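Engineer: The structure's right below; bear with me while I get my questions together.
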Amino acid sequence: AIDIAKLRDQTGYVTLDSGFKNTGATKSAITFLDGEKGILKYRGYGIEELAEKSTFLEVAYLLIYGALPTQKQIEDFQLQISRHTLVHEDMKKFFDGFPSKSHPMGQLSSLVCSLSSFYPESLDPNQTKEEFELTIIKLLAKMATIVSWIYKKSLGHPVIYPKNKYDYVSNFMYMTFGQRTEDVVIDDVVIDAMNKLLILHADHEQNCSTSTVRIVGSSDCNLYASISAGISALWGPLHGGANQAVIEMLEKIKNDGGDVDKWVNKAKDKNDSFRLMGFGHRVYKNFDPRAKIIKKACDEILAKLGINDPVLDIAKKLEEVALNDPYFVERKLYPNVDFYSGIIYRALGFPTEMFTVLFALGRLPGWIAQWKEMRENKEPIGRPRQIYVGEKNQDYVDISKR
Ligand code: ACO
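Sequential numbering of the sequence shown, starting at 183, is according to my numbering.
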């Protein structure tokens, strides 16, 4: 491999790769992705098999600790997590301060960052292995509670406290929708769909939010603040925020009379900034393997729940037109994971503004694993260079003469 730093010292030249389209920032043993062939693997296990056979918690263990857990290991992991699902009562006061219409992602980012104040031991970059494990467990455990509380508060409902007899995903669904089901754990079909969605979002190598987590953490910044930064990066509609943008777009098309061709043409018009949300991917140039699995899950769950959503008809038409249109075919723009995830979240009863928060809940194990790997590998602080294109020398002019 070329030693870029040495090359720069010898030549004075800096490489420029806007958007890091072909620049590796690290070596990683967590997730393998082949964008041409549409392959995604966590620690060597195909995403298809994990989505079919595994649970979200098991996949979280796999990503963070590097191997699938034994029965005993997963039971211990679940037990440890269940001991930390409560969040500090004072965190509820945050909700009194947020304006009623504040976006759930802003709330999530703030609440996760605030964990560093409630657990200041996390600020120590030299935590022992055991202390660090606890910092991770607390985050995994409290994130589900925080996410469900954000939802309950958005409705003006009282929050529901965790019930630790439930597994991770069931507990989350209970805290979110519990009162609707009168303490009965939500239907297996729903729990299964939720597990699949969270597994498919669990890691995706060096994407925008994960790179953010790694670069923030590279300054020895604590885990909670680093993950909070990742949550902010995920919020944008070109990244995780696309799942919210997809449903908003489908509704707009429906309310506009459902003329799909008109919107496809709008997306193709280079004088129009509109893009088909949920289409295209920086790395996948063939198909998004997650989208394939999610599309199937989407069909299944809608059939099982007996849902007939007019927005889904628009989505199907859009998919068909876009997949046959030379503009999209030539540019290899296929529906991505976000195109379908929103449709399932909607069917499960989540409001649109919660979609990206659910993505964050799924991505959490990946962010933690990547942060941990970066620290264990003792990676240097991330500090990109630049090509300076501004003024060379200017003479200072007194304000009275400008
Ligand atoms: N609709 C219409 N045209 C598009 C779209 C789209 N969704 N996506 C890309 N294009 C076009 C671009 O205009 C460009 O055309 P040109 O070559 O004629 O100029 C070409 O396809 C390449 O696009 P880039 O923006 O260069 O591709 P890039 O890799 O930088 O962007 C991205 C990838 C951000 C995902 C883009 O496809 C996009 O904006 N998609 C919509 C948002 C979205 O769905 N994001 C979720 C991504 S998945 C995730 O984060 C989990």
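Ideal placement from N, C-alpha and C gives every residue a C-beta, glycine not left out.
Given the structure is predicted, the values throughout are model-derived calculations rather than measurements.
1) Please return the same chain residues whose Cβ sits closer than 8 angstroms to the Cβ of G399, not counting the five positions on each side in sequence.
2) Compare the beta carbon distance of P419 and F461 with 8 angstroms and say whether it is the shorter of the two.
3) What does the alpha-carbon distance come out to for the pair K514 and N506?
4) Measuring only the C-alpha atoms, how far is N377 from K434?
5) Quick check: L245 and A384, are their CB atoms within less than 8 angstroms of each other?
6) On the three-state DSSP scale, how would you describe P492?
7) Leaving out five residues before and five after Q289 in sequence, what residues of the same chain have Cβ atoms less than 7 angstroms from its Cβ?
8) According to the neighbour-count rule (16 or more other Cβ atoms, all chains shown, within 10 Å of its Cβ), is D365 buried or exposed?
9) When the distance is taken between beta carbons, is G524 closer than 8 angstroms to F537?
10) What's the call for S410, buried or exposed, on a 16-neighbour Cβ count within 10 Å?
11) What does a CB cutoff of less than 7 angstroms around S298 pick up in its chain, not counting 5 residues either side in sequence?
12) If you compare alpha carbons, which of V269, D402, Q255 is closest to P307?
13) Tell me which residues share the same chain as T237 and place their Cβ nearer than 6 angstroms to its Cβ, disregarding the 5 neighbours each side in the sequence.
14) Tell me where the alpha helix (DSSP H) around F537 begins and ends.
15) Short check: CB of L379 to CB of G544, under 8 angstroms?
16) Going by the beta-carbon positions, is the gap between Y527 and K477 smaller than 8 angstroms?
17) For the beta strand (DSSP E) that F461 lies in, which residues bound it at each end?
Structural biologist: Here's the rundown:
1) Position 217 of the sequence shown holds residue 399. So the qualifying residues of the chain are L405, S408, W553, M556, R557.
2) Walking along the sequence shown from the start, residue 419 turns up at place 237. Walking along the sequence shown from the start, residue 461 turns up at place 279. No. Outside cutoff.
3) Taking the sequence shown and counting its residues from 1, one reaches residue 514 at position 332. Taking the sequence shown and counting its residues from 1, one reaches residue 506 at position 324. Their backbone Cα atoms lie some 11 angstroms apart in a straight line.
4) For the purposes of this step, residue 377 is taken as the residue at position 195 of the sequence shown. For the purposes of this step, residue 434 is taken as the residue at position 252 of the sequence shown. If I take the Cα positions, the gap works out to 29 angstroms.
5) Indexing the sequence shown from 1 puts residue 245 at position 63. Indexing the sequence shown from 1 puts residue 384 at position 202. Yes, the Cβ-Cβ distance between L245 and A384 is below 8 angstroms.
6) Counted from its first residue, the sequence shown places residue 492 at position 310. Note: P492 maps to helix in three-state DSSP.
7) Counting from 1 along the sequence shown, the entry for residue 289 is found at position 107. Once the five neighbours on either side are set aside, the close Cβ partners of Q289 are F280, I332.
8) The count along the sequence shown starts at 1 and reaches residue 365 at position 183. Its pLDDT being 49, under 50, D365 is placed unreliably in this model, and the value from its coordinates should be taken loosely. By the C-beta density criterion, D365 is exposed, having fewer than 16 other C-beta atoms within 10 angstroms.
9) Indexing the sequence shown from 1 puts residue 537 at position 355. Indexing the sequence shown from 1 puts residue 524 at position 342. Cβ atoms of F537 and G524: closer than 8 angstroms.
10) Within the sequence shown, numbered from 1, the residue matching residue 410 stands at position 228. It counts as buried.
11) The residue you call residue 298 lines up with position 116 of the sequence shown. Cβ neighbours of S298 beyond the five flanking positions: S304, L305, N404, Y406, A407.
12) The residue given as residue 307 occupies position 125 in the sequence shown. Residue D402 holds the alpha-carbon nearest to the alpha-carbon of P307 among V269, D402, Q255.
13) Taking the first residue of the sequence shown as 1, we reach residue 237 at position 55. Answer for T237: N377, listed in chain order.
14) Counting from one through the sequence shown, the residue named residue 537 turns up at place 355. Counting along the chain, the unbroken alpha helix (DSSP H) around F537 starts and ends at 537–558.
15) Walking along the sequence shown from the start, residue 379 turns up at place 197. Walking along the sequence shown from the start, residue 544 turns up at place 362. Contact annotation: L379 and G544 have beta-carbon atoms nearer than 8 angstroms.
16) Reading the sequence shown from its first residue, position 345 is the one you call residue 527. Reading the sequence shown from its first residue, position 295 is the one you call residue 477. Not a contact, by the Cβ cut-off of 8 angstroms.
17) If you number the sequence shown from 1, residue 461 lands on position 279. Looking at the DSSP string, F461 is not in any beta strand (DSSP E), and its letter there is neither H nor E.
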